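Undergrad: Reading the sequence shown from the start, the letters are residues 1316 to 1774 in our numbering.
All C-beta atoms, glycine included, are put in the ideal place defined by N, C-alpha and C.
Note that the structure is a prediction, hence the values are computed from the model and not measured.
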Amino acid sequence: IERERMGGDCLWTGCVPSKSLLAAGAAAQGIRDASRLGVDAGDLRVDFTRVMAHVDRARLAIEPNDSPETLREEGVEVILGAARFLAPGRLEVTTSDGERRELSPRRILIATGSEPLLPSIPGLTESEPLSSDSVWELEQLPPRLLVLGGGPVGCELGQAFARLGSQVTIVEAAERLLPGEEPPVGELLAKRLRSEGVTVIAGSPVEAVEPVRSAEGGWRLRLKRRGAVGAGAPVGDRILVATGRGARTDGLEPEQGGVELTPGGAIRVDARLRTTARGVFAAGDAIGGPYFTHLAALQARVATLNALFGLRQKPDHAAVPRATFTDPEIAAVGLSSAEARARWGRWTRIADLDLADLDRAVAAGVGDGFVRLVGDWRGRLVGATVASPVGAETIATLSHLVSERASIAGLARTVHPYPTFSEAPLMAAIEHERRRYEGPLVRAAARAIVGLTRLFDRR
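(1) Looking at C-alpha atoms only, which residue of Thr1514, Ile1554, Val1595, Ile1602 is the closest neighbour of Thr1564?
(2) Distance, Cα to Cα, Arg1762 vs Phe1736?
(3) Pull up the distance between the alpha-carbon of Leu1576 and that of Asp1381, whole angstroms please.
(4) On the premise that Leu1336 lies in contact with Val1366, defined as a C-beta separation below 8 angstroms, what is that separation, rounded to the nearest angstrom?
(5) Is Gly1542 buried or exposed, if buried means 16 or more other CB atoms sit within 10 Å of its CB?
(6) For the beta strand (DSSP E) that Arg1560 lies in, which residues bound it at each end?
(7) Can you tell which of Arg1491, Val1462, Glu1471, Ser1435 has its C-alpha closest to the C-alpha of Val1483?
(8) Which stretch, first to last residue, makes up the beta strand (DSSP E) that contains Trp1451?
(9) So Val1648 and Gly1698 are in contact, right, with Cβ under 8 angstroms, and what is the actual spacing, rounded?
(10) Can you tell which of Gly1561, Ala1678, Arg1583 has its C-alpha closest to the C-alpha of Glu1570?
(11) For the alpha helix (DSSP H) containing Ile1710, list its first residue and its last residue.
(12) What do you reckon, are the CB atoms on Pro1605 and Ser1703 nearer than 8 angstroms?
(13) Counting pairs of Cβ atoms below 8 angstroms between the region 1674-1690 and the region 1611-1628, do you hit three or more?
(14) Taking the alpha carbon of Leu1741 as the reference point, which residue from Asp1667, Arg1320, Arg1693, Val1677 has its own alpha carbon closest?
(15) With Ala1426 as the anchor, note down where its alpha helix (DSSP H) starts and where it stops.
(16) Quickly, what does DSSP pair Gly1480 with across the bridge? List them, please.
(17) From this set, Ile1425, Leu1406, Leu1424, which residue's C-alpha is nearest Arg1416's C-alpha?
(18) Skipping 5 residues on each side, what residues in its chain have a beta carbon closer than 7 angstroms to that of Trp1451?
(19) How many angstroms separate the CA atom of Leu1395 from the CA atom of Glu1738?
(20) Can you tell me whether Ala1546 is helix, strand or coil according to DSSP?
(21) Taking the alpha carbon of Pro1431 as the reference point, which residue from Glu1719, Arg1347, Gly1766, Val1556 has its own alpha carbon closest?
(22) Could you give the distance in angstroms between the alpha-carbon of Leu1433 and the alpha-carbon of Leu1620?
(23) State the Cα-Cα distance for the pair Leu1713 and Pro1437, rounded to the nearest angstrom.
(24) For the putative contact between Ser1258 and Leu1538, defined by C-beta atoms under 8 angstroms, what is the C-beta separation to the nearest angstrom?
(25) Give the DSSP bridge partners of Thr1700, in chain order.
(26) Just curious, the beta strand (DSSP E) that Pro1526 is in, first and last residue?
(27) Name the two residues that bound the continuous beta strand (DSSP E) containing Ile1436.
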């Protein structure tokens, strides 16, 4: 049962359109940066109408994968309409043509997704802010764009619009961009964005949004740590809000079906993705963050098998990767170094590699980025962060190693093609092991073993 469009947020307002826009921005930035490699590409011109046409083509090309026709060919009944609970185990569906039907299914899976949250900031509503849902309706490139929120969505869209020609300002209430990641990530990304002309303001919550009373028009942000409105206050023509998402349950009336919600408004589930109502399961954004399509897919597989066959499977969230598709791409999995040190203290293993020390990065003229591997006291890989041009691709292998409880030493013994960006974690592991074997105890043991070997050789 789908009340809007098959494919959901990922196809229409999330993954697909955002990565299509990022591709256009990357192409524009590639032209700007070409001269450092000895290539002069001439004047750059961005046609925003054609950029958005590319975004639309990408969505339409992928749409058939999720269409009602495709699902019906697989034997799935598809009802286009809105569902709500009448009682435990009973649903009422109002179809798109106004018909009302009652259903009493044996099992129900709630996968209603999420939606952008609008913070309670005085004056924000009056500015008619954009969100990650509505930004795709733009027909013209905003000359000046204010982005509220320096998380993944804010950083991705902020960099994309800046590369396409907008004057972008990103404002983040926390002390750094991407506050959920390793501290060097925020510093690295802020430096990169500023080098591309983006104004980055961190540690500055927005107190109010006010109209600009002058010929230039637009909207001005009053920031808590930057004083009253005046010189230096960020001004923009449009405001893009990227401060978080929340579960979408409006109209579903889950309480009437015995389905409890969390204090944050998400569907409450147990480890097997069962709700508080018998026979009702839930998965994806509807049960709360993190809001990743690949995590929703994992939960959907587990919940479906548990619902249909009475299995007791639990999704493994420990090795679910996350990626921010900025340039450089920021990807991570498992524990951060701070989380690991809170568990194992000084016995935590940390392996770092600066991308400037990677041969492929040198050849490509790329210097911004790093790799960090995090191991427990035994050296087992429990987390990793990659900031590189292909960080989102590289993290897949590391996610597998984390799930398999592989060791940093084991990673150091693997073979990667040379020269590649994906070789960076290998080089970090090799450098970590080299430092371990250079320790005084290992050196003493090695000298003793060599001495014994020579003694036996003489005999």
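TA: So, to answer that:
(1) Residue Ile1602 is the option with its Cα nearest to Thr1564.
(2) Whole-angstrom Cα-Cα distance: 36 angstroms.
(3) Distance between the alpha carbons of Leu1576 and Asp1381 is about 28 angstroms.
(4) Taking 8 angstroms as the upper bound for CB-CB distance, Val1366 and Leu1336 are in contact here, some 7 angstroms apart.
(5) Caution applies to Gly1542, whose pLDDT of 43 falls short of 50 and renders its modelled position unreliable; the model cannot decide the point.
(6) Element bounds for Arg1560: 1560-1562.
(7) Per the Cα distances, Val1462.
(8) For Trp1451, no beta strand (DSSP E) segment is defined, and its DSSP state is neither H nor E.
(9) About 6 angstroms; that satisfies the 8 angstroms criterion.
(10) Comparing Cα-Cα distances from Glu1570 to each of Gly1561, Ala1678, Arg1583, the minimum goes to Arg1583.
(11) Ile1710 -> alpha helix (DSSP H) spans 1706-1718.
(12) No. Outside cutoff.
(13) In short, these stretches do not touch, since the Cβ pair count stays below three.
(14) Closest option to Leu1741, Cα to Cα, is Asp1667.
(15) For Ala1426, there is no enclosing alpha helix (DSSP H), as DSSP gives it neither H nor E.
(16) Note: Gly1480 is not bridge-paired with any residue in the DSSP secondary-structure output.
(17) Among Ile1425, Leu1406, Leu1424, the Cα nearest to that of Arg1416 is on Leu1406.
(18) Excluding positions up to five away in sequence, the list reads Thr1328, Pro1332, Val1370.
(19) Straight-line Cα distance between these residues: approximately 47 angstroms.
(20) Unreliable placement is indicated for Ala1546, whose pLDDT of 44 sits below 50; the coordinate value is still reported in the next sentence. Ala1546 falls in the coil class under three-state DSSP.
(21) Measuring from the Cα of Pro1431, the nearest candidate turns out to be Val1556.
(22) Straight through space, the alpha carbons of Leu1620 and Leu1433 are spaced by roughly 36 angstroms.
(23) Roughly 44 angstroms separates the two Cα atoms.
(24) The requested residue 1258 is not part of the displayed model; the chain covers only 1316 to 1774.
(25) Bridge partners of Thr1700: Ala1647, Arg1687.
(26) Pro1526 -> beta strand (DSSP E) spans 1521-1526.
(27) Per DSSP, Ile1436 lies in no beta strand (DSSP E) and is assigned neither H nor E.
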